[in-house]
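Number of protein chains: 2
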Amino acid sequence: MLFADIDLLDENLDFRSHCWVGVRDGRVAYVGDAAPAGEEAARYGEVYDGRGKLLCPAFYNAHAHAPMTLLRGYAENLPLQAWLNDMVFPFEAKITPEDCYWGTLLSCAEMARYGCVSFSDMYYHMEEGARAALDAGIKMNLSDSLLAFNGEGLDDLPVKGNLDRLIRDLQGAGDGRIVVDCNIHAEYTSNPRAVADLAAYAKEHGLRLQVHVSETRLEHEECKQRHDGLTPVRYFESLGVLDVPVTAAHCVWVDDGDIDVLAERGVFVAANPASNMKLGSGFAPVAKMLARGVNVCLGTDGMASNNNHDMMQDMHLLALTAKGSTNDPAVVTPKQALTAATRVGALSQGRDDCGYVAVGAKADLCVLDTSGPSWAPMTNPLVNVVYAGHGADVCLTMCDGVVVYREGEWPTLDIERAKAEVEARTKRIIGEL
Amino acid sequence: MLFADIDLLDENLDFRSHCWVGVRDGRVAYVGDAAPAGEEAARYGEVYDGRGKLLCPAFYNAHAHAPMTLLRGYAENLPLQAWLNDMVFPFEAKITPEDCYWGTLLSCAEMARYGCVSFSDMYYHMEEGARAALDAGIKMNLSDSLLAFNGEGLDDLPVKGNLDRLIRDLQGAGDGRIVVDCNIHAEYTSNPRAVADLAAYAKEHGLRLQVHVSETRLEHEECKQRHDGLTPVRYFESLGVLDVPVTAAHCVWVDDGDIDVLAERGVFVAANPASNMKLGSGFAPVAKMLARGVNVCLGTDGMASNNNHDMMQDMHLLALTAKGSTNDPAVVTPKQALTAATRVGALSQGRDDCGYVAVGAKADLCVLDTSGPSWAPMTNPLVNVVYAGHGADVCLTMCDGVVVYREGEWPTLDIERAKAEVEARTKRIIGEL
Numbered sequence: 001m002l003f004a005d006i007d008l009l010d011e012n013l014d015f016r017s018h019c020w021v022g023v024r025d026g027r028v029a030y031v032g033d034a035a036p037a038g039e040e041a042a043r044y045g046e047v048y049d050g051r052g053k054l055l056c057p058a059f060y061n062a063h064a065h066a067p068m069t070l071l072r073g074y075a076e077n078l079p080l081q082a083w084l085n086d087m088v089f090p091f092e093a094k095i096t097p098e099d100c101y102w103g104t105l106l107s108c109a110e111m112a113r114y115g116c117v118s119f120s121d122m123y124y125h126m127e128e129g130a131r132a133a134l135d136a137g138i139k140m141n142l143s144d145s146l147l148a149f150n151g152e153g154l155d156d157l158p159v160k161g162n163l164d165r166l167i168r169d170l171q172g173a174g175d176g177r178i179v180v181d182c183n184i185h186a187e188y189t190s191n192p193r194a195v196a197d198l199a200a201y202a203k204e205h206g207l208r209l210q211v212h213v214s215e216t217r218l219e220h221e222e223c224k225q226r227h228d229g230l231t232p233v234r235y236f237e238s239l240g241v242l243d244v245p246v247t248a249a250h251c252v253w254v255d256d257g258d259i260d261v262l263a264e265r266g267v268f269v270a271a272n273p274a275s276n277m278k279l280g281s282g283f284a285p286v287a288k289m290l291a292r293g294v295n296v297c298l299g300t301d302g303m304a305s306n307n308n309h310d311m312m313q314d315m316h317l318l319a320l321t322a323k324g325s326t327n328d329p330a331v332v333t334p335k336q337a338l339t340a341a342t343r344v345g346a347l348s349q350g351r352d353d354c355g356y357v358a359v360g361a362k363a364d365l366c367v368l369d370t371s372g373p374s375w376a377p378m379t380n381p382l383v384n385v386v387y388a389g390h391g392a393d394v395c396l397t398m399c400d401g402v403v404v405y406r407e408g409e410w411p412t413l414d415i416e417r418a419k420a421e422v423e424a425r426t427k428r429i430i431g432e433l
Numbered sequence: 001m002l003f004a005d006i007d008l009l010d011e012n013l014d015f016r017s018h019c020w021v022g023v024r025d026g027r028v029a030y031v032g033d034a035a036p037a038g039e040e041a042a043r044y045g046e047v048y049d050g051r052g053k054l055l056c057p058a059f060y061n062a063h064a065h066a067p068m069t070l071l072r073g074y075a076e077n078l079p080l081q082a083w084l085n086d087m088v089f090p091f092e093a094k095i096t097p098e099d100c101y102w103g104t105l106l107s108c109a110e111m112a113r114y115g116c117v118s119f120s121d122m123y124y125h126m127e128e129g130a131r132a133a134l135d136a137g138i139k140m141n142l143s144d145s146l147l148a149f150n151g152e153g154l155d156d157l158p159v160k161g162n163l164d165r166l167i168r169d170l171q172g173a174g175d176g177r178i179v180v181d182c183n184i185h186a187e188y189t190s191n192p193r194a195v196a197d198l199a200a201y202a203k204e205h206g207l208r209l210q211v212h213v214s215e216t217r218l219e220h221e222e223c224k225q226r227h228d229g230l231t232p233v234r235y236f237e238s239l240g241v242l243d244v245p246v247t248a249a250h251c252v253w254v255d256d257g258d259i260d261v262l263a264e265r266g267v268f269v270a271a272n273p274a275s276n277m278k279l280g281s282g283f284a285p286v287a288k289m290l291a292r293g294v295n296v297c298l299g300t301d302g303m304a305s306n307n308n309h310d311m312m313q314d315m316h317l318l319a320l321t322a323k324g325s326t327n328d329p330a331v332v333t334p335k336q337a338l339t340a341a342t343r344v345g346a347l348s349q350g351r352d353d354c355g356y357v358a359v360g361a362k363a364d365l366c367v368l369d370t371s372g373p374s375w376a377p378m379t380n381p382l383v384n385v386v387y388a389g390h391g392a393d394v395c396l397t398m399c400d401g402v403v404v405y406r407e408g409e410w411p412t413l414d415i416e417r418a419k420a421e422v423e424a425r426t427k428r429i430i431g432e433l
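Chains as they are written, first to last, in UniProt numbering: chain A, 1 to 433; chain B, 1 to 433.
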């Protein structure tokens, strides 16, 4: 595809108007202020009329539980423990592998609709999740959750066999779209032996690791009581977890010492502002983390606590909540917010050639229709993207050069079937409860 | 128009599927589970295919500065005083009446696009604002700002003549769509004599009154220093301001005693969660105010501090920020959030027959397209409206029975001209600075 006469946020997120951007073999192959010369233009295939449009890097969702789309609107307005124990866990016990496929497929459709091409996921039945991401044409860092409530080591747990199998069957599938990560659900759902074992396994196999960290005050404080004053960050560091590339989700209650560790160890912190507010968890110290040099990326979390996969909404919230919770309007610039939602997210998934628009990068792109009334005046396009625009302004999403969403159509999947399956499966599960 | 076979949030915001809703003479004239019988159906004109759609009350924006659309993206990421003094005030000094018209018209277009039919506005050149609202076909409670930095009484100030003229020329224009309110900009921009005079004027003329209250901590604390410990709420109460129906914008820093007064005096508090976060002002104690029985409504504020007029976004933020800032996920239910954005907003504008869908109410309606992937499953439609849906899902907005937005078209105005005028006028002003 050749995006013709289109406005662009380039690899520095600087605005350039009236550009030509050519995509070939899954990558950006041309960026210029004029059309490619002579016969070159024809080699990109379809010419896309870019007038009134803004080409941006696509979004990378650094923390999700995709099958939880089945639970959207099911467990609402409840304190966290009642939400989990009385509503979420009983529902989840009824979810079949096939349910996971359809829940994930609808999540993929929703992410693609709002310009997102890749997500890091923690759940169960991960083969089914991967199948959905492959079908939808988007990318996924999947991770099967380590849960070890007693003294088990990794060899005693099903996650070990799952990981071996996932690596064998799915690592690098879809031309690298599927990446297998390790996953520790959280400090309070595992024991030190299993955690250390999994960290060693990740190191041995060169895997990345996803983990929930300090989402709630209770989790943070109880960890300190259980482990001689160690916070979750220090606890995981002590067990070797931070020796591999880690994405730590939430980090709402981390202290200053934790932030130093997160910065020094290059941990990716996936902020989830919508979910953290909705569950009453609080506000992650995003401004402080960015100032300290922490790699802050962004996630939508599960649909029982957000309730949509609109990364532009969470990007907006990332900036707003940082300002609101610190009473400092100068913290978290639009560029920092957009970088978190794009480039840093891609890096958190080990996708080094993704998350920016330049020759050689993967063609993971989204096109924003800037003709709506919220976009005028265009005094500062980047500010408009972060504060004025909407995920619904995305009119085209491309992953590895393949269009996965375009103006109400999902070329890679049957959206009506996906919605109907999720609707029916949710009804079935609620009926079983 | 006859909305056929459409889902509905009724006057209690309860969900009803497959309804017929007829609109005639600007009001809802029929609500039923089946089509009106016989020849009756033909009397509503166009039959609207409501399948896959959800009919809701339209939104009422209880606090805005509509011409500030000209400043969108202009003054960003700055501390409040630098934002105001170095950027906003110099820009505003260059705004002409004609600029106000176009800025307001684009704001009206944006509000209509996101399902809003009415707004309370504080600014200057209000005739031009009213002309824009009348042209756009939506409703406006306009208010010319009282600014009195010295010892002036109302008779010494231009606002008195403006008010007399506005009442004479515009009160009730557009079949009641235009309402003239009084307006005190804030405690720190007026003196007690002028405030008391204006309160008396409002009482005498039966007018409502808009005022900024305790938006920032500085404003709140300095008021107490200036006025023997009186907070802005108590200061205004002491001068008779609360003897008329008041909409108090922001109320971020009100204390418990203030909240009691706001509840007892029936003050409408217009929360502006996006703006309050973006400017670093903080989080209004919305949960506490609702629990105490305060009439909480919702505003988008000006576009230099939001930066869009999407009431669904601010409604979402109203609920999220209340939970996040109190660490209590149970506060502010979806019904409370939607009520604030609709019925309470209408009441704050003195529009008693607006803000709900029932026979006899004004036909101020919005239709949400629920076919997008964020709406499945439809386990709880009201929850989906507040948490999963987007303003961009609005596919039709109706004000007093007249369609003001429908699927990318604004029947009442020239959207391309409005955007171009705002773009050009903003450029001119920035060039003059």
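The C-beta atom is built at its ideal place from N, Cα and C for all residues, glycine as well. As the structure is a computational prediction, the values presented were derived from the model and not from experiment.
Nearest residue (CA-CA) to residue i, options the options
i: B:GLY52; options: B:CYS395, B:GLY431, B:ILE429 and B:GLU423; result: B:CYS395
i: B:SER107; options: B:LEU70, B:SER143 and B:LEU154; result: B:LEU70
i: A:SER143; options: A:TRP83, A:THR247 and A:ALA41; result: A:THR247
i: B:VAL88; options: B:GLU98, B:PRO97 and B:ASN77; result: B:ASN77
i: A:ASP121; options: A:ILE415, A:ILE138 and A:ASP7; result: A:ILE138
i: A:ASP156; options: A:ASP310, A:ALA392, A:ALA194 and A:GLY176; result: A:ALA194
i: A:VAL359; options: A:SER17, A:ARG24 and A:ASP5; result: A:ARG24
i: A:GLU110; options: A:LEU433, A:ARG425 and A:THR412; result: A:THR412
i: A:ASN141; options: A:ASN183, A:GLY161 and A:ASP135; result: A:ASN183
i: A:GLY345; options: A:ALA42, A:ASN61 and A:CYS223; result: A:ASN61
Within chain A, partners of residue i - CB distance below 7 Å
i: B:LEU146; result: Simply none; closest approach about 26 Å.
i: B:LYS139; result: Residues of chain A passing the Cβ test: none, with the nearest at roughly 18 Å.
i: B:MET277; result: LEU320, THR321, LYS323 and GLY324
i: B:ALA274; result: LEU320
Contact set between residue i and chain B, taken where Cβ atoms lie within less than 8 Å
i: A:ALA83; result: In the sequence under discussion, the amino acid at residue 83 of chain A is Trp, which differs from the Ala named in the question. Within chain B, the residues near A:TRP83 are PRO329.
Residue i and residue j closer than 8 Å at C-beta
i: A:MET1; j: A:TYR30; result: no
i: B:TRP102; j: B:VAL386; result: no
i: A:GLY350; j: A:GLY26; result: no
i: B:GLN313; j: B:ALA271; result: no
i: B:ILE167; j: B:VAL159; result: no
i: A:THR321; j: A:PHE283; result: yes
i: B:GLY115; j: B:THR397; result: yes
i: A:GLY372; j: A:ASP393; result: yes
i: A:PHE233; j: A:ARG208; result: The amino acid occupying residue 233 of chain A in the given sequence is Val; Phe does not appear at that position. No. Outside cutoff.
i: A:ALA133; j: A:ARG177; result: yes
i: B:HIS63; j: B:PRO97; result: no
i: B:VAL269; j: B:VAL241; result: no
i: B:LEU298; j: B:ALA341; result: yes
Where residue i meets chain B, residues with beta-carbon distance less than 9 Å
i: A:LEU55; result: Simply none; closest approach about 19 Å.
The beta strand (DSSP E) enclosing residue i, as first and last residue numbers
i: B:ASN295; result: 295-298
i: B:ASN276; result: Run containing B:ASN276: none in the beta strand (DSSP E); it sits in the alpha helix (DSSP H), 273-278.
i: B:SER107; result: Premise fails: B:SER107 lies in the alpha helix (DSSP H), 97-113, not in any beta strand (DSSP E).
i: B:PHE3; result: 2-9
Partner residues on chain A for residue i, Cβ-Cβ distance less than 8 Å
i: residue 434 of chain B; result: One cannot answer for residue 434 of chain B here, as it falls past the ends of chain B, which runs 1 to 433.
i: B:LEU80; result: PRO329
Partner residues on chain A for residue i, Cβ-Cβ distance less than 9 Å
i: B:VAL383; result: ARG72, GLY73, TYR74, GLU76, ASN77 and ASN307
i: B:ALA200; result: In chain order: nothing, as chain A lies at least about 36 Å away.
i: B:ASN380; result: ARG72, GLY73, TYR74 and GLU76
Within chain B, partners of residue i - CB distance below 7 Å
i: A:PHE283; result: GLY324
i: A:TYR109; result: Here residue 109 of chain A is Ala; the residue named in the question, Tyr, does not match the sequence. Ordered by position in chain B, the residues that pass the 7 Å Cβ test against A:ALA109 are PRO373.
Terminal residues of the alpha helix (DSSP H) in which residue i lies
i: B:TYR201; result: 192-205
i: B:GLY176; result: 173-176
- Quick check: the region 211-224 of chain A against the region 180-192 of chain A, are there 3 or more CB pairs under 8 Å? yes
- Message: If contact is defined by three or more beta carbon pairs under 8 Å, each pair taking one atom from either stretch, is the region 254-261 of chain B in contact with the region 300-307 of chain A?
- Response: no
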